[in-house]
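Those letters in the sequence shown? Residues -23 to -1, 1 to 367, per mature numbering (1 follows the signal peptide of the UniProt record, and there is no 0), in order.
C-beta atoms are modelled at their ideal positions from N, C-alpha and C, and glycine is treated no differently.
Data first, discussion second: the structure below is written as structure tokens.
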Amino acid sequence: MPARSIVIHLMTAAAAMAAIAMAVGCSSSADQMGAAAHPSATLATAATAKALAPTDRSQYRYLYAVYCNGRVDRLDLKSRTKTGSFQLSERSGEPPAVPVQSASTSFADSCQIRPAATGDMQDQAAGLVNLVAGDGTGAAADGRQSYRLLTFSLPGWTLLGTRDLGRFENGQPHMRRAKDGSLFAVHKADGDLRTQLTQQARAYAGGESLEDLRAEETSAGRVLLSYRLPGAQGLGFALSDRERALTVPLQALPGQSLAPGWRLAPGGRYVLLTLNKLVPMERDLQQLATTGEMRLYDAQGRQLATLNDARVAGPSMVLMPKEDMDRDTPRTAGHWLNIALTPDGLAVFADPLGNYHFVELGHVFGLDPVVGLDPDDYDSRLPGLVYAAQ
């Protein structure tokens, strides 16, 4: 499951202004006009920028969940409540740079808007959010779609500027940082980074014997991988440490043939697995359901805790032939998905209607963001993550 995580740090006003220029890069005159149309945005960024240490956990008080349909939910992680929700189309100018979409969870073939996962802290330190957004027209006859880079300032999500990235196929482009600090788009073959990390983990001590190894998420030089359990139909999981060149399998789930949900914690030292079961339905269908049981593991593969929370138990998806699936059928409340592990040790669960539950795991995690390795989130349920102090 993909998990995209961007952490927002605030720094001095001068650094904030410099980062805005680098994020927007060498923009066209239209881009410059777009930024100039929001002079208060620049002032707001400078006024709210504060010199906070990288380890200051007050920067992780709030979590913004950015969904594929442009909905943004604001979560207060201290009070463990949802405090607001808005559509990016309302904050992205006229005409809106983010097209108006349905308020419900959409089932697009490709996610239309995501935080730009660059793997560095440059934008975060300036109190900025860079989003990659489709133009709303969908793919053309040649299979390509146009994408733009949108730069917002926090905490007001004020649009500072837009820049065309070009036309790409097979989903959103990846963003990279140039030497001058600006962002540019590349489109490598799907699974390129996943393949690289998988091959590395297989070559490390402990990884040679793991069958069908597959990298899933990475953080701070550690990689969460799945693999096929020998003589079983289920999945096992392992953590590889790139610095130590070591791959360590997690303790197996006894009697568990269904693949659990998984989430790597920020900093890469902990893994949370959420257990599933099959529930019979009419028409000989089966429904995948979460049991509410969670198991926490450390970087040595040891199980640290078993937790049970009935609030996040319930149906997840109906298993049926693809030709029988109705993509327009509304999703209902109670289909809980673990969308994030926060630095302060919460597992955040969401349903398609914008409801949330927070489960305390009893451990504090690192601050390094988690990068998911799936090329896209095709059912639009897993949001991009933006942490902030306000």
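Identified DSSP bridge partners for residue i
| i | result |
| --- | --- |
| residue 292 | 266 |
| residue 216 | 201 and 225 |
| residue 161 | 153 |
| residue 67 | Partner(s): none; residue 67 has no beta bridge. |
| residue 44 | Looking at the DSSP assignment, residue 44 forms no beta bridge with any residue, so it has no partner. |
| residue 34 | The partner list for residue 34 (beta bridge, DSSP) is empty, contrary to what the question assumes. |
| residue 257 | 263 |
| residue 136 | 129 |
| residue 50 | 42 and 62 |
| residue 275 | 247 |
| residue 78 | DSSP lists no partner for residue 78. |
| residue 107 | 128 |
| residue 57 | Per DSSP, none; premise fails for residue 57. |
| residue 146 | 121 |
| residue 349 | 194 |
Burial state of residue i (16 or more Cβ within 10 Å)
| i | result |
| --- | --- |
| residue 370 | Within the shown structure, residues of the chain are numbered from -23 to 367, placing residue 370 beyond reach of any answer. |
| residue 143 | exposed |
| residue 218 | buried |
| residue 163 | exposed |
| residue 115 | exposed |
| residue 288 | exposed |
| residue 173 | exposed |
| residue 140 | buried |
| residue 293 | buried |
| residue 270 | buried |
| residue 329 | buried |
| residue 61 | exposed |
| residue 260 | exposed |
| residue 228 | exposed |
| residue 125 | buried |
| residue 50 | buried |
| residue 258 | exposed |
| residue 117 | exposed |
| residue 108 | buried |
| residue 262 | exposed |
| residue 237 | buried |
| residue 186 | exposed |
| residue 199 | buried |
| residue 176 | exposed |
Cutoff 6 Å; reference residue i; Cβ partners in own chain excluding five residues on either side
| i | result |
| --- | --- |
| residue 283 | 272 |
| residue 303 | In this predicted model, residue 303 has a pLDDT of only 46, less than 50, meaning its place in the structure is not dependable enough to derive any value. |
| residue 146 | 120 and 121 |
| residue 345 | 196, 197, 243 and 244 |
| residue 361 | -20, 43, 91 and 92 |
| residue 171 | 192 and 350 |
| residue 70 | 136 |
| residue 230 | none |
| residue 76 | 113 |
| residue 205 | 188 and 189 |
| residue 151 | 163 |
| residue 212 | 203 and 236 |
| residue 438 | Outside the modelled stretch of the chain, which goes from -23 to 367, sits residue 438, for which no answer is possible. |
Enclosing alpha helix (DSSP H) for residue i [first to last residue]
| i | result |
| --- | --- |
| residue 174 | 169 to 180 |
Cβ-based neighbour list, residue i, same chain, cut-off 8 Å, excluding 5 preceding and 5 following
| i | result |
| --- | --- |
| residue 343 | 196, 197, 242, 243, 244, 245, 246 and 320 |
| residue 207 | 188 |
Segment limits, beta strand (DSSP E) that includes residue i
| i | result |
| --- | --- |
| residue 123 | 121 to 130 |
| residue 238 | 238 to 241 |
| residue 115 | Per DSSP, residue 115 belongs to no beta strand (DSSP E) and is neither H nor E. |
| residue 361 | 361 to 365 |
| residue 314 | 314 to 318 |
| residue 325 | 323 to 327 |
| residue 189 | 188 to 196 |
| residue 89 | First-last for residue 89: undefined, no H or E at that position. |
| residue 340 | Careful: residue 340 lies outside any beta strand (DSSP E) and carries neither H nor E. |
| residue 285 | 280 to 285 |
Sequence-distant residues of the same chain with beta carbon closer than 7 Å to residue i, five excluded per side
| i | result |
| --- | --- |
| residue 322 | 337, 338, 339, 340, 341 and 342 |
| residue 368 | Outside the modelled stretch of the chain, which goes from -23 to 367, sits residue 368, for which no answer is possible. |
| residue 333 | 52, 59, 325, 326 and 327 |
| residue 277 | 225 |
| residue 181 | 217, 222, 223 and 224 |
| residue 318 | 240, 242, 243, 249, 324 and 342 |
| residue 275 | 246, 247 and 281 |
The ligand NAD heavy atom lying under 6 Å from the CB of residue i
| i | result |
| --- | --- |
| residue 176 | The ligand NAD is not among the ligands present in this structure, which contains no ligands whatsoever. |
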